[in-house]
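Q:
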Amino acid sequence: MRKGIFEAARLDTRFVPAPWPWAEHEAARIDAHWRARLAEKPRLFDGQVLLLRDPEFLEGGGGVLRGNFFLTQFRNFMAWRDFGYPDAGVYNCFSMAALRARDGAWLLGEMGGHTANGGRIYFAAGTPDRSDIVGDRVDLAGSVARELTEETGFAPEEAPPAPGFRLVVEAQKIACIQERRLGLTADEAVARVAAFLARDPDPELARLVAVRGEADLDAALMPSFIVTYLRDAFVALG
655 MRKGIFEAAR LDTRFVPAPW PWAEHEAARI DAHWRARLAE KPRLFDGQVL LLRDPEFLEG
715 GGGVLRGNFF LTQFRNFMAW RDFGYPDAGV YNCFSMAALR ARDGAWLLGE MGGHTANGGR
775 IYFAAGTPDR SDIVGDRVDL AGSVARELTE ETGFAPEEAP PAPGFRLVVE AQKIACIQER
835 RLGLTADEAV ARVAAFLARD PDPELARLVA VRGEADLDAA LMPSFIVTYL RDAFVALG
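In this note's numbering, the protein residues as written are 655 to 892.
#1: Find out if the Cβ-Cβ distance for the pair E979, A751 is shorter than 8 angstroms.
#2: So is D700 buried or exposed if we call it buried at 16+ other beta carbons inside 10 Å?
#3: A848 and E805 look like a contact to me (Cβ under 8 angstroms); what is the Cβ gap, rounded to whole Å?
#4: Among A869, D741, L762, which residue has its Cα nearest to the Cα of R707?
#5: Using the rule of at least 16 other Cβ atoms within 10 Å of the residue's Cβ for burial, across every protein chain shown, is L712 buried or exposed?
#6: Alpha carbon to alpha carbon, what distance is there between M876 and F819?
#7: Rounded to whole angstroms, what is the Cα-Cα separation between V863 and Y776?
#8: Measuring CB to CB, does F723 end up less than 8 angstroms from L698?
#9: Which one of L692, A663, E868 has the shortest CA to CA distance from H909?
#10: Measuring straight from C-alpha to C-alpha, what distance separates L838 and Q727?
#11: What residue from L884, R791, G766, E842 has the CA that sits closest to P855's CA?
#12: What is the rounded straight-line gap between the Cα of I659 and the Cα of E694?
#13: Under DSSP, the beta strand (DSSP E) around E764 begins and ends at which residues?
#14: To which residues of the same chain is D757 closer than 7 angstroms at the C-beta, ignoring the five residues directly before and after it?
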C-alpha cells in the first residue's frame, strides 16, 4: 500500500483466520527476543493481536480502506516490529482517537513505564485484538471508542467523532485516526484525566499531554505518524 495521508469515509476490514508463515519460520528467534523483552518489562503480556494482510485503499465512495486481519501472538508482533517489519505484506493497522479540547488543543497520552511503549506519547489507541472481532468483521471504530475510555476515562459520548478517518500510512503501519471533540478545555481535561489515573490501580497512561502548536511537538517521544498528522492539521487550520 502506498505511503501518505488519505481520507477514508469507511473502513472495510474483515477477520480471515490464517497462519503466519514468517512467524512460524522465525519461531526460535522470536522466542529468544521475547525472553529478552520480558526480562526488561516483566509485565508484558503475550496475548493475541490482529494484524492486517495485503490492504488496499479505494478512492471511490469517499475513500475506503479494505483488508483482512488475522490473529497472532503479541510476541510475534513485537519481534516483527523490532526486526524492522520483515514481512512486507503484513501491516500494523490500528485506530486512534485524535482527542481535541474545546479550546483547540490536541490531547495525547504519555504511556506508562511498564507498557511496551513506556514514555512514548500517543493518541488514545491500542493494537486491535480478539475483542474487536464482530462476526467476520474487525470493528476499528468500536476499538477506538473502547481505548479512549480505558485510557482516559472519557465516555465515547463525551467526545463524539467527526465523520470518517484520516489514514497515515508509513512503513508497515496504518494509523486510522478519528478526530473526537471534547467539551472541556485542555486544562480541564488534563486535570480530569490525572484524577482518573490516580484512581486506577493499573493505569495505561502516566499523564495527558496538551499539544497546542508546532512548538509542542516532540519527535523524540511521538511516533512520526502522529507528528505527520498534527503538522498536517496545523497547516489545515492555518
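For each residue, glycine too, the CB sits at the ideal point set by N, CA and C.
Just so you know, these numbers come straight off a predicted model, no measurement behind them.
A: In short, the structure shows the following:
#1: For the chain, the structure presents residues 655 to 892; residue 979 sits outside this window and is missing.
#2: Position 46 of the sequence shown, counting from 1, holds the residue named residue 700. Exposed is the call here.
#3: Along the sequence shown, one-based indexing puts residue 848 at 194. Along the sequence shown, one-based indexing puts residue 805 at 151. So it is not a contact: roughly 13 angstroms between Cβ atoms.
#4: Counting from one through the sequence shown, the residue named residue 707 turns up at place 53. The closest CA to that of R707, considering only A869, D741, L762, is found on D741.
#5: Within the sequence shown, residue 712 is the residue found at index 58, counting from 1. L712 counts as exposed, since fewer than 16 other C-beta atoms from the protein chains shown sit within 10 angstroms of its C-beta.
#6: Start at 1 with the first residue of the sequence shown, and residue 819 comes out as number 165. Start at 1 with the first residue of the sequence shown, and residue 876 comes out as number 222. The alpha-carbon of F819 is positioned some 20 angstroms away from that of M876.
#7: In the sequence shown, residue 863 corresponds to position 209, counting from 1. In the sequence shown, residue 776 corresponds to position 122, counting from 1. Roughly 9 angstroms between the two C-alpha positions.
#8: Taking the first residue of the sequence shown as 1, we reach residue 723 at position 69. Taking the first residue of the sequence shown as 1, we reach residue 698 at position 44. It is not a contact, given that the beta carbons lie outside the stated cut-off.
#9: Given that the chain is displayed from residue 655 to residue 892, the structure contains no residue 909 and the question cannot be resolved.
#10: Reading the sequence shown from its first residue, position 184 is the one you call residue 838. Reading the sequence shown from its first residue, position 73 is the one you call residue 727. In a straight line, the C-alpha of L838 is about 38 angstroms away from that of Q727.
#11: Working through the sequence shown from its first residue, we reach residue 855 at position 201. Minimum Cα distance to P855 is reached at G766.
#12: By 1-based counting over the sequence shown, the position of residue 659 is 5. By 1-based counting over the sequence shown, the position of residue 694 is 40. Rounded to the nearest angstrom, the two C-alpha atoms are 35 angstroms apart.
#13: Locating residue 764 in the sequence shown gives position 110, where the first residue counts as 1. First-last of the beta strand (DSSP E) with E764: 760-765.
#14: If you number the sequence shown from 1, residue 757 lands on position 103. Around D757: T839, A840.
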